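In our numbering, the protein residues as written are 2 to 237.
For glycine and all other residues, C-beta sits at the position ideal for the given N, C-alpha and C.
Fair warning: this is a prediction, and the values are worked out from it, not measured in the lab.
Presented below is the structure to which this report refers.
Structural data, given as structure tokens:
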């Protein structure tokens, strides 16, 4: 199964060549699997708007804003679409919200700048992680989260890097925060169980993976993890 980042990357490729229907299919897969984050919903909204599905596009922008209320680009995209639909009062309110959010926030940067910087740090972290430079990757993810602590996808990526570095307790804390705001996120649940397993906390691993199985009964990875847990317990 493709990860959220893989699906969105493929969708961006389709969007860049104006295959908006293809982008929609990929992004809807991410949404159905519960893996989509604010950027994915925003891109889905743009793609839907460009193929004339305006009502669904508004819903996608709403979903992006629900995940990240300070997402200026989603507010702007929503405002433009509402104006095109003749919903001028709502459009005016959306433009006003975007303008307000464009002012400097607690980071000292305008919101759009802080968003881009956070994503840039996360992108650099991904490059470091791919190269095996985990300490540098962790530092970049942490800098991204200083700018945007609410970006759950970046926090999950940090948890992955911490796990690969052997810092399972730190990874668990990050995942607890992710699951606090997105309790049914499958990838976070699987990794949280794994961090507990790697610390020898088999009861927590079992509880997390059992909850994952209840919420995502068709996910094949869960049975692999639970079989691993059964073997570990049998071995004493």
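Note that the region 77-95 does not touch the region 186-203; fewer than 3 beta-carbon pairs, one per stretch, sit closer than 8 Å.
Secondary structure of residue 132 (DSSP, three-state): coil. Here the region 14-31 lies against the region 42-59, with 3 or more beta-carbon pairs under 8 Å apart.
Contact annotation: residue 216 and residue 178 have beta-carbon atoms that are not nearer than 8 Å. Every unbroken stretch of the alpha helix (DSSP H) spanning 4 or more residues and falling wholly within the region 79-107 is given here in chain order: 89-102. In this structure, DSSP gives residue 152 a state outside helix and strand, which the three-state scheme calls coil.
Residue range 187-199 is occupied by the alpha helix (DSSP H) that includes residue 194. Counting only residues of its own chain and dropping the five nearest sequence neighbours on each side, residue 116 has no CB closer than 6 Å to any other CB.
When only Cα atoms are considered, residue 139 and residue 151 end up about 17 Å apart. Put simply, the region 220-237 touches the region 197-204. At least three CB pairs are less than 8 Å apart. Counting only runs of at least 4 residues, the region 31-80 fully encloses the following alpha helix (DSSP H) elements, listed from N- to C-terminal order: 39-51 and 55-68. The DSSP-derived three-state label of residue 219 is coil.
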